[in-house]
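Protein chains in written order, with the numbering used here: chain D, 3 to 416; chain R, 55 to 281. Presented below is the structure to which this report refers.
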Ligand SMILES: Nc1ncnc2c1ncn2[C@@H]1O[C@H](COP(=O)(O)OP(=O)(O)OP(=O)(O)O)[C@@H](O)[C@H]1O
Ligand SMILES: [Mg+2]
């Protein structure tokens, strides 16, 4: 099937009509190029988004206090709900809650918790987070020196802090700062740890202090503004049930209706993550279908053009048959022509597509939306297989037509 | 006729379906052609000469009767088997030459050997020998479009001979040529006949037919007389 002679026949046939061969090749190359580029872009979108999710634990749930929208047990609406240390302890005992931390807002709100930080004559303000030790896992902070806050810090209300590398750089000009002192709103703290984070740079411009210390130092009594916990490897459904359990518990403690949508605000990262995954799977399927359509168009193009070629060569095929060409030789020559053309063209499209993706990966800044567009090897191998099959499919009808050429009809003199 | 028959036709009938009408093209044709004969087939236009020749060449089938080729019954052959027989036993010469226009003379002549699986080098060397035999060695690298009708027909004859066939079937081989060239082509066919190959020529021209040992005349699909 792959004798040098056959190749000679195939190549000389293609070379006999170079423009047509070229245009056919372009159709296929374009199909594969589009498929590769679209898939790569889809991958880039997914990568980018997954990276932005990698900031926080994907399997985490945050519950904020809100204000009631329904009266409960004679209590009026618009009552502000704030959790407390006992609530934290109660949630901690709920089965299924894996890592748990509270957050206390020294200024009373989620944002705008910048406090004044002073080292000697250097003064600035940074965001200070008042948390439990498990916050490390929820934020996925990575310790690079020293340690994060621990239970003893919280129990003894120690004045210790873990700070982001840029904070240390700013205050001391270097990061060798374990054991150094700094003042937060005039209260002296000791640095026990230095961390980094995979999220955006803002996550590094932070200081962490024990929640108990903050409550004492900043007039917080026993208030806890947010409860954040991870759920282990639970699925979306189980997580939703767990959230209901925790909300029920809090509702009982803080005396609000468990189904009051305003009393608490829940951010379920797992659900969001799952939604994103779903969206991307849909996008990818869409891209696949689009790409496949382009490819099919390419194949139909090849098939049509080969069909025209076969029609034009009816006389030639008749002559060849009279001289002893068997149907199989004719079929296999045309199939080989088709597979060869598709494979070469497709390969060019594949290389061009991968090339463009590489270029994009190199030129485009990595962002939360787009990062490392690429096609993996399996896609490449799959594409090769698809090309071979496509070529064969494209050549099939023309080859069959050619094999059915009747020499008597083809050779009849007009 | 002392020589054994290389071809034998017994009551061959052939129909063509034209719309709803069934055209009876060959009617009970009986014929026997001996090994090494030179036979002419004559008849008016539409009498079925080409149809008969196509059946002999296994390019076409027939509806009733028996066609024996070298003691093999040729009937209901698969396309692949038919291709093998054509390749091994039969050489064709057509009125319009039917050379492949994009191939050189030597490549055209070599084509039957390609389908025998002969290597390219041997093929082309053999093809050169046959081109020499028809006096066109100098034209080996020329394409058909650069040659005269007579030259093209000689290339076609070389191509018909290269597979060492038992039979050469020529359908009006001089139909497109002037009388002088026709005579040369006939000389060539006679020479081939002299080398022991059976030659069957369809022709309209009496002087061409006159060079045959025997003439089969067809009228309306029937064998009229053999002389
Ligand atoms: N494929 C076909 N379909 C229908 N009718 C056909 C077909 N081929 C030939 N015929 C008819 O069969 C009859 C015999 O045709 P054939 O070609 O054998 O004649 P011929 O003797 O070779 O004529 P000519 O001298 O003109 O070449 C004619 O009437 C022709 O129209
Ligand atoms: Mg005819």
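Glycine included, every Cβ here is placed at the ideal spot set by N, Cα and C.
With 16 as the cutoff for other CB atoms within 10 Å, does residue i come out buried or exposed?
i	result
residue 287 of chain D	exposed
residue 225 of chain D	buried
residue 103 of chain D	buried
residue 280 of chain D	exposed
residue 68 of chain R	buried
residue 216 of chain R	buried
residue 18 of chain D	exposed
residue 77 of chain R	exposed
residue 117 of chain R	exposed
residue 61 of chain D	buried
residue 335 of chain D	buried
residue 72 of chain R	exposed
residue 46 of chain D	buried
residue 257 of chain R	buried
residue 218 of chain R	exposed
residue 1 of chain D	Given a span of 3 to 416 for chain D in the structure shown, any question on residue 1 of chain D remains unanswerable.
residue 308 of chain D	buried
residue 208 of chain D	buried
residue 113 of chain D	exposed
residue 129 of chain R	exposed
residue 240 of chain R	buried
residue 384 of chain D	exposed
residue 250 of chain R	exposed
residue 249 of chain D	buried
Does any residue of chain R bring its CB to less than 7 Å from the CB of residue i?
i	result
residue 389 of chain D	no
residue 318 of chain D	yes
residue 7 of chain D	yes
residue 402 of chain D	no
Give me the chain R residues within the contact set of residue i, using Cβ-Cβ distance strictly less than 7 Å, ordered along the chain.
i	result
residue 323 of chain D	137
residue 409 of chain D	113
residue 383 of chain D	Here the premise fails: no neighbours, minimum Cβ distance about 35 Å.
residue 413 of chain D	148, 152
Is the shortest distance between the beta-carbon of residue i and the beta-carbons of chain D less than 7 Å?
i	result
residue 154 of chain R	yes
residue 169 of chain R	yes
residue 146 of chain R	yes
residue 114 of chain R	yes
residue 182 of chain R	no
residue 185 of chain R	no
residue 140 of chain R	yes
residue 108 of chain R	yes
residue 165 of chain R	yes
Can you name the residues of chain R whose CB is closer than 8 Å to the CB of residue i?
i	result
residue 330 of chain D	134
residue 327 of chain D	137, 169
Name, please, each residue of chain R whose Cβ falls closer than 9 Å to the Cβ of residue i.
i	result
residue 18 of chain D	156
For residue i and residue j, which I take to be in contact (beta-carbon distance under 8 Å), what is that distance rounded to the nearest angstrom?
i	j	result
residue 85 of chain R	residue 63 of chain R	4 Å
residue 1 of chain D	residue 200 of chain D	Nothing about residue 1 of chain D can be reported from this structure: the residues present for chain D run from 3 to 416 only.
residue 170 of chain R	residue 225 of chain R	Not confirmed; about 23 Å, so no contact.
residue 232 of chain D	residue 140 of chain D	6 Å
residue 192 of chain D	residue 181 of chain D	7 Å
residue 329 of chain D	residue 134 of chain R	6 Å
residue 153 of chain R	residue 209 of chain R	6 Å
residue 275 of chain R	residue 79 of chain R	5 Å
residue 15 of chain D	residue 303 of chain D	So it is not a contact: roughly 18 Å between Cβ atoms.
residue 410 of chain D	residue 231 of chain R	Contact doesn't hold; Cβ gap of about 23 Å is too wide.
residue 197 of chain D	residue 164 of chain D	6 Å
residue 147 of chain R	residue 214 of chain R	5 Å
What does residue i reach in chain D if we use C-beta pairs closer than 7 Å?
i	result
residue 58 of chain R	Correct list: empty, because the minimum Cβ distance to chain D is about 25 Å.
By the criterion of Cβ-Cβ separation under 8 Å, what are the contact partners of residue i in chain D?
i	result
residue 174 of chain R	6, 7, 10
Closest Cβ-Cβ distance between residue i and chain B: below 7 Å?
i	result
residue 260 of chain R	In summary, chain B is missing from the structure at hand, where the protein chains are D and R.
Problem - Distance cut 6 Å, beta-carbon to ligand 1 heavy atom: residue list by chain order - result: Going along the chain, the residues that qualify are R:70, R:72, R:77, R:79, R:97, R:99, R:100, R:101, R:102, R:103, R:104, R:105.
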